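Data first, discussion second: the structure below is written as structure tokens.
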């Protein structure tokens, strides 16, 4: 039975970084919600390699009280962001991060193992009262104008929800339900080789240049024609992450495959010394993306993160944007809980549907700008040798003389772009966007949602 005093029931599909952030935001709210996170795997495996938490994401996690826990888990403040010329190892630019980004952007820039990052979020979500269900695959979401939504699981269980958040990633099934058609990721023409090394493996190479990299807390990026490589430490410099991004040579439809050290060095011979000590075969991952979605919401269901705006890795912002999404939903739902005036479930459903459309309005343009920014960064990283590449390198060489506060054609060096990217404060942005809250969300006028609130059935179940 409907009760205006009852906390909202929120079901989150997916226990990745964005979904867990949304769960924490909803539980830490002034008026905590009842939150259930669904993970289709039998257990949540915290796997992966390195990942960055830039200031726009780190600011949110710091507000959650998690910065210390991230550092205890092996996260560290990155020292410098170095761009290096592939042909001769010449340093093109060394952007200082440690200390400077805290001063300029009011938060740190952290690097961490993805598995450690997810584990910190998982533990924080559980500690603040989130109900986390494993082996719980959502196959359908049914909306009803006069009742809570119903989330049907593959094993036959049903969960009732006032709000459903689809945080189920690039291959999102929730997206198919919202869009009422199957929308599959598209191949980009690029792939990533990913490899990790222990410190002892790299020390065994016995190369002075490699050894210098081992004692730095820097991001090292080698730029080359149609390719680039990224290298940085993890877990107190006891592990090291290497990613090589090149043209895709996997067959259409093949998403991952094992590679070889020889493959990597043939495509980027700067890596020969590092790859000479590889104990395990590198993995090849095809890079995929989506065309822009017309909508992120339907009824009381909304998408976040890679489910609605997957980003290529060139800007290093994919997970951070998902963190922003999760925080934004928590802020909006907390405000709704504090001001809700619905007298019945039908009124509440309409208000929540408007709230989620507002979430889309406030988040969609920024996400799309950053997705485009990642594609632009790829262009500048991968310039072929020639006049454009020489012009890029000359511009990079002059950035330090402007104290990193000047314009640059390349977003990586442009101060205004970087401020808009890294100084973004989700709390103030949402406050600005929710002016006229009562008019936008809380009106109790009975406006039937008709087609918007017809019970929907899942179109397919991903295998």
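Residue numbers (the numbering used here): 119 to 581.
Each residue gets a CB set at the ideal place from its N, CA and C atoms; glycine is no exception.
Source: prediction; values computed, not measured.
query: What's the C-alpha gap between residue 348 and residue 341?; result: 9 Å
query: Assuming residue 230 is part of the beta strand (DSSP E), what are its boundary residues?; result: 228-231
query: With a cut-off of 8 Å on the beta carbons, I'd call residue 422 and residue 406 a contact; round off their distance for me.; result: Their Cβ separation, rounded to whole angstroms, is 18 Å, which puts residue 422 and residue 406 out of contact at 8 Å.
query: With residue 429 and residue 361 assumed to form a contact (beta carbons below 8 Å), what rounded beta-carbon distance in angstroms separates them?; result: Contact flag wrong, Cβ pair sits at about 15 Å.
query: From which residue to which residue does the alpha helix (DSSP H) around residue 475 run?; result: 463-499
query: Pull the bridge partners of residue 131 from the DSSP assignment, please.; result: 156 and 284
query: Per DSSP, which residues does residue 543 bridge with? Please list them.; result: Per DSSP, none; premise fails for residue 543.
query: I think residue 441 touches residue 139, with their Cβ atoms under 8 Å apart; what is that distance to the nearest whole Å?; result: 5 Å
query: Residue 151 to residue 451, Cα distance in whole Å?; result: 9 Å
query: On the criterion of 16 or more Cβ atoms from any shown chain inside 10 Å, does residue 148 qualify as buried, or is it exposed?; result: exposed
query: Using the Cβ count rule (16 or more neighbours within 10 Å means buried), how would you classify residue 354?; result: exposed
query: Which complete beta strand (DSSP E) runs does the segment 305-346 hold, if anything under 3 residues is left out?; result: 337-342
query: Along the chain, where does the beta strand (DSSP E) that runs through residue 65 open and close?; result: The chain is shown only over 119 to 581; residue 65 falls outside these bounds and no answer can be derived.
query: Name the DSSP beta bridge partners of residue 260, please?; result: 268
query: Identify every run of the alpha helix (DSSP H) within the segment 407-465, keeping only runs that are complete inside it and at least 4 residues long; order them along the chain.; result: 436-457
query: Residue range of the alpha helix (DSSP H) that residue 391 falls in?; result: 390-393
query: From the DSSP output, read off the bridge partner residues of residue 203.; result: 341
query: Looking only at DSSP bridge pairs, what is residue 364 linked to?; result: 309
query: Which residue from 541, 524, 191 and 482 puts its Cα closest to that of residue 219?; result: 541
query: Taking 8 Å as the cut-off, is the beta-carbon of residue 186 closer than that to any non-hydrogen atom of the ligand FMN?; result: For the structure depicted, the ligand FMN is absent and the ligand set is empty, with no information on it obtainable.
query: Return the bridge partner residues of residue 403 from the DSSP annotation.; result: 310 and 374
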